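Chemist:
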Amino acid sequence: MIYCLIAMTAVTGFISMGVDVGRVQLAKTELQCAADGIARYAATGVLNGTADNKAKAVDTDYLVDGVQLKLKNGDIDVGVWDSATKTFTVTNTNPNAVRIIARRLQSRDTGVPTIFMRLMGQNYVDIQATAIATYVTGTTTTLTAPSKGNPWLAGMPNGTVGNTFDSAPNNSPSQVTGITMTPGATLNFGFTGSASYYPGTQPFDPDGNPGWIINNYAGREHGKSQLYAPLTAVVGVFLNDTQPNLAGAPPADLDFTSPASRDFATLTPALRQPFFIGNGMRADGTTLQNFVVPAGATRLYLGIMDGQQWSDNSGALTSTVVKPTQITTVK
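Heads up: the sequence shown begins at 17 in this note's numbering, then just goes up one per residue.
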């Protein structure tokens, strides 16, 4: 009987401590969510020196264990986030990020109170959570997708022949300039103009001729995958710094044969994978489509869709390319 009482007491003690542990874990989760949210909002003030004020303007909006969070000066740092080394350096020189260290500490009279752990002499538990958010200003540039631009010649040296009839640089697609290709960033397009696949034939708008789905007759050419898309539609292809035909096997082919396949909200193509852009809008004609820059991308080229002999195409398609402002929680 005595052993049973001892055992029951021990079990009850463990269960009671479990209540406190569960409460602390929940508080940690709430604190991390608070740090993330505050960091993202404060990041909007990184460039104009208002990050500190912005963080303090919203900290009390967050409840942790039922108590309003309150940041102190040492909890907010502005600095530089290095994405290559994944390190944060506190500095006011060209900052691009803000770090929030949210704390619930006994020394601040905000430690998470315990119930059963008090029997062991621990009345409070200290917790903290760190979040770093970066701010990248949006950029805009205007460019043209040339009708004579063969996407499969993208990134290839001068003199390279494409699909028998074309050659670089005369039939190379145009490279997007004025916008840094940031992996994970979103690009938006708004193409206008028209192009035809042969002199004297009917020109089509940036969405191309939906009644004529075509592919590159040369197949997977110069390290790039095959593409099925409307004739003369605007096409893009992302590359890294490696010459594409030296970068390994081509990725999977993309097929934009059906109207539904072209009415996407977001598209994330791979490197060396030509993709349909069209006018850059969904079927409703007003909603912009999002094109996500793939990992490793440093370049984007634009041309139009054809099966062969881009050299006899005519017309041009122009667009404003927008890279929206991006706020990212990086840690």
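Glycine included, every Cβ here is placed at the ideal spot set by N, Cα and C. Just so you know, these numbers come straight off a predicted model, no measurement behind them.
1) What is the residue span of the beta strand (DSSP E) that R340 lies within?
2) Exposed or buried, V253, counting other C-beta atoms within 10 Å across all chains shown (16 or more means buried)?
3) Flag this pair as touching only if the region 174 to 185 and the region 329 to 344 have three or more C-beta atom pairs under 8 Å; answer yes or no.
4) Use the C-beta contact count for I54: other C-beta atoms within 10 angstroms, 16 or more gives buried, fewer gives exposed.
5) So, are the CB atoms of A67 and G95 less than 8 Å apart?
6) Let me know the secondary structure DSSP gives S274 once reduced to three states.
7) CB-CB under 7 Å to I195, same chain, minus the five flanking residues each way: which ones, in chain order?
8) Counting beta carbon pairs with one atom in the region 213 to 229 and one in the region 141 to 150, are three or more of them shorter than 8 Å?
9) Alpha carbon to alpha carbon, how far is T208 from N329? Give it in angstroms, no decimals.
10) Let me confirm a value: N295 is counted as buried when at least 16 other C-beta atoms fall within 10 Å, else exposed. Which label applies?
11) Along the chain, which unbroken stretches of the beta strand (DSSP E) at least 3 residues long are found entirely within the region 114 to 169?
12) Taking the straight line between their C-alpha atoms, what separation do you get for S277 and N174?
13) If you follow the alpha helix (DSSP H) that D68 is in, where does it begin and where does it stop?
14) Would you kindly work out how many angstroms separate the C-alpha atoms of Q242 and Q325, rounded to a whole number?
15) Mind checking who I229 pairs with in its DSSP beta bridge?
16) In the DSSP output, which residue or residues are listed as bridge partners for Y57?
17) Closest to A58 by C-alpha separation, out of N69, L270, L262, Q48, would be which residue?
Modeler: Short version:
1) Sequence inspection shows Pro at residue 340; the Arg mentioned does not correspond to that position. Segment: none, P340 is in no beta strand (DSSP E) and carries neither H nor E.
2) buried
3) no
4) buried
5) no
6) coil
7) T155, T157, V337, K339
8) no
9) 17 Å
10) buried
11) 143 to 152, 155 to 162
12) 34 Å
13) 67 to 74
14) 16 Å
15) P246
16) The partner list for Y57 (beta bridge, DSSP) is empty, contrary to what the question assumes.
17) N69
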